[in-house]
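In terms of UniProt numbering, the sequence shown opens at residue 1 and continues consecutively. Built from N, CA and C at the ideal position, the CB exists for glycine as well. A quick note: this is a predicted structure, and the numbers were derived from the prediction, not measured. One structure is given below, encoded as structure tokens.
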Amino acid sequence: MTDRIAQPWGARTPYAAGQRWPDRVDAELTDGMHPEEVQWTQSAAVLHSNGDGIDIASHDGRIVGVRGRRIDRVNQGRVDPKDLFGWQANNSPDRLTVPLVRDHDGLVESDWDTAMNRIVSRTQALLRDFGPSAIGFYTSGQLLLEEYYTLSVIGHGGLGTNHMDGNTRLCTATAEWALKESFGCDGQPGSYTDVDHADVIALYGHNVAETQTVLWSRMLDRLAGADAPQILCVDPRETEVAKAATVHLAPVPGTNLALMNGLLHEVIANDWVDHDYIDAYTVGFDELAACVADYPPEHVAQICDVPARDLRRAAEILGQAQRLLSTVLQGFYQSHQATAAATQVNNLNLIRGMLGRPGAGVLQMNGQPTAQNTRECGANGGLPAFRNWRNDEHVTELAQLWNVDSARIPHYSEPTHVMQMLRFAEQGSLRMLWISATNPAVSLPELRRIRDILGQHRLFVVVQDIFATETAQLADVVLPAAAWGEKTGTFTNADRTVHLSEKAVEPPGQARSDLEIFCDYAERMDFRDRDGLPLISWKDSESAFAAWQRCSAGRPCDYTGLSYAKLRGGSGIQWPCNAESPDGTERLYGDGEFFSAPSYCESYGKDLRTGAAVEAAEYGAANPDGKAMLRAAGYSAPHERPTDDEQLWLTTGRTVYQFHTRTKTARAPELNAAAPQVWVELSVGDAERRGIGDGDLTEIRSARGSVEARARVGGIRDGVAFLPFHYGYWDTDDTGHHRAANELTITDWDPVSKQPMFKTAVVRICRSADQDRSGR
């Protein structure tokens, strides 16, 4: 059998363009267990955004393994190594099993009534004394659709707070906004099956080999077969994707927009554009062409520090592709001018007419398994089902659905993103923050500031999680939650595929599903509609799903054609799924019909440079017929950048063996052993200039803090250092040196998506004074 730690992508199953991707079923069971001895329960992957269909193996009330679902359209049996081993976290002896409350001795064990009543009494006091703006919610990209929707109804329709966000703000808020800028609405145009047909695959800041191993396996199998596609990789690191690329562009961090403008310049200058498609289906081409005319290859080469010949070659590959698939992820999203850069990827596919047909599409990728649900359900602060908070008719429609007054649903300003919520908490106007299934004390930028804010006496912090995370240690109330495999519900992956995940085992101790916790809170708060009936009328997941179906009806993410019965036993199905598309929709916009009509769109957009909102009248005048929008923006330099030869750019990111803040993967022995400690990646030249050798202990300093990490020399361009962000501040040795990359990152965000800029900090690196101390 293949060692899936040493070979994360498994064995090759080559296939040619237009052929079906061959099956390959991966499985992992506890030693000594036989497949016929266990009970198999349908589910999907939760340690990345790919949405692989998997089955959970259980025995004697414990999860004992997983296997891939051969029938599933996403993975056809393959399983990511994180999922092969990560289920062991469910069985970890340090699971939270009872509620905790803070008293003078710190966090102590309690009971559900005490914990929930403490939350309810604080909520009621804040509503009385300060109003709903004193209360905020910060959730995850790892809960279930039914849980997000319930939370959204509580926040928007029950409390009336505008302070709601998900940690999708950190990974894919820019994906959402790039789609809204180009198409008027969230929702991925492309499909994973485009890999089966593409002759060019362009990956922009998307290290798919480590973030979505099964999708990379699909690409590797195309590369191993006949009619292999050409690969364009944009990444400052020499990743596995870069090694397989036809052209690898390694720009300086913070210059992605200049790079994209340069590629667009060449495509337009060489007339590699589909004029008929542009005329029929887009607006804004003249403005785009005028903007990118200022970005010839030689100029862009100076800004990005990439060879002009490579820029020309990349543009030629893009311009002559017959079936172009473009994917985007954190390398663009967590960087300077993030939405502007990601939107130019949409522009490139649009002016080439590469949308809505096999092999021709765009995937503005997600980073988490249920990030799409966070956004579509409104748990990130937007209105559910991609309704436009600035459109009074959309607000009225939602109010009628929930049977509440329109004024009760906050729509007086843009929803509050998490970085702004924390600023409000810092200033004292936000007094309660409910955090579910995420660990901001490790994942947010400038951690010293975050810890100070979360530790304030005046801020009441509720943490709902499966382990006592770094964030839970700062909480006033900690609620033990059920994990994946311990509850039933649905979730949607990055190419709109909806999966059903069934309950395989009971949660430990007194732990409850997030849906049960939210419903309990709503009942204790006695939220009512206009007729005096409970605002949350459901108690179980299938009833919550039915409520969501009613909410999604007629909207872009229409779920009305789906059901638990339809999702049970087979493959996941892509939305929209309704009477017109009963089997789901493989690709969006193939007919040239977009979700961008002024009366229907989710957003009127923003200025890509400033983030200023586009007014409804301006939007309607520019795009009355609801076409795709070609939005342009000029490049400007990042706020913080190196000023001398000793400083380096710091970029943070992921490793294939860990997920987010290692809450689950650190508890899987195989995954933890594969990447047990943080490291810093330096180029050969940068290491030599600093006297740093491979394996040396180094100190990395920014204006905000310091981290110690072992050096890995090579695999990255000069002038840039890389740190994986997974390792928490509790990951210290006996001298207390920090391991969390976010000790160093900057409090700065994209003006459009409000996504933090984790990839454009400035640091100094030197050998640590103590080279004898072993790393963890």
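By DSSP, does residue i sit in helix, in strand, or in coil?
| i | result |
| --- | --- |
| T735 | For T735, the predicted structure reports a pLDDT of 47, less than 50, and the residue's modelled location is therefore unreliable. The matter cannot be settled from this model. |
| S571 | coil |
| M432 | strand |
| V25 | coil |
| G775 | Any reading at G775 must be qualified, since the residue scores a pLDDT of 44, below 50, and its modelled position is unreliable; the value itself is stated next. Three-state DSSP puts G775 in coil, outside helix and strand. |
| W112 | helix |
| E240 | helix |
| G155 | helix |
| Q88 | helix |
| E181 | helix |
| A769 | coil |
| P440 | helix |
| A481 | strand |
| residue 791 | Here the chain covers residues 1 to 776 and nothing more, so residue 791 does not appear. |
| W9 | coil |
| G32 | coil |
| P756 | strand |
| I351 | helix |
| R169 | helix |
| L145 | helix |
| W730 | Note that W730 scores 48 on pLDDT, short of 50, meaning its location in the model is unreliable; the coordinates nonetheless yield the value given after this. Of the three classes helix, strand and coil, the one that applies to W730 here is coil, per DSSP. |
| W749 | strand |
| E176 | helix |
| G331 | helix |
| R73 | coil |
Which term fits residue i, buried or exposed, when burial requires 16 or more other beta carbons within 10 angstroms of its beta carbon?
| i | result |
| --- | --- |
| W730 | Any answer about W730 is weak, because its pLDDT of 48 lies below 50 and its placement is not dependable; what the coordinates show is given next. Its Cβ having fewer than 16 others within 10 Å, W730 is exposed. |
| N117 | exposed |
| V214 | buried |
| A621 | exposed |
| N270 | exposed |
| D23 | exposed |
| D196 | buried |
| K606 | buried |
| I573 | buried |
| S413 | exposed |
| L151 | buried |
| L430 | buried |
| R67 | buried |
| H639 | exposed |
| P582 | exposed |
| Q124 | exposed |
Can you name the residues that DSSP bridges to residue i?
| i | result |
| --- | --- |
| M164 | F137 |
| V418 | BP columns for V418 are empty, so no partner. |
| G361 | L325 |
| H577 | The question names His, but residue 577 is Cys in the sequence shown. C577 is not bridged to any residue. |
| residue 836 | Look at the range of the chain in this structure, 1 to 776, and you will see that residue 836 is not part of it. |
| R764 | Q647, R701 |
| H248 | C233 |
| T490 | L500 |
Specify, as a first and last residue, the run of the beta strand (DSSP E) that residue i falls within.
| i | result |
| --- | --- |
| S706 | 706–713 |
| I692 | Neither: I692 is in no beta strand (DSSP E) and is coded neither H nor E. |
| H59 | 53–59 |
| V200 | 200–204 |
| D465 | 460–465 |
| I63 | 62–68 |
| F722 | 720–724 |
| L232 | 230–234 |
| D103 | 100–103 |
Starting from residue i and walking both ways along the alpha helix (DSSP H), at which residues does that stretch end?
| i | result |
| --- | --- |
| R313 | 308–320 |
| I303 | 297–304 |
| E109 | E109 -> not in any alpha helix (DSSP H); beta strand (DSSP E) instead, spanning 106–109. |
| Y281 | 275–281 |
| W40 | No alpha helix (DSSP H) holds W40; the beta strand (DSSP E) holding it covers 39–44. |
| T454 | Sequence inspection shows Leu at residue 454; the Thr mentioned does not correspond to that position. 447–454 is the span of the alpha helix (DSSP H), which, as asked, contains L454. |
| R222 | 213–224 |
| Y192 | No alpha helix (DSSP H) holds Y192; DSSP gives it neither H nor E. |
| E287 | 285–292 |
With a threshold of 8 Å between beta carbons, is residue i in contact with chain D?
| i | result |
| --- | --- |
| D279 | Protein chain content of the structure displayed is limited to a single chain, and chain D is not contained in it. |
4 or more residues per run - each alpha helix (DSSP H) lying fully within the stretch 375–415: The DSSP assignment places 392–402 as complete runs of the alpha helix (DSSP H) inside the stretch 375–415, in order along the chain (cut-off: 4 residues).
Ignoring anything shorter than 3 residues, give me the beta strand (DSSP E) runs that lie fully in the stretch 589–668, in order along the chain. Secondary structure remark: continuous beta strand (DSSP E) runs of at least 3 residues inside the stretch 589–668, in chain order: 647–653.
What alpha helix (DSSP H) runs, 4 residues minimum, are completely inside the stretch 492–573? As summarised for the stretch 492–573, the continuous alpha helix (DSSP H) elements at least 4 residues long and confined to that stretch are 514–525, 541–552, 564–567, given in chain order.
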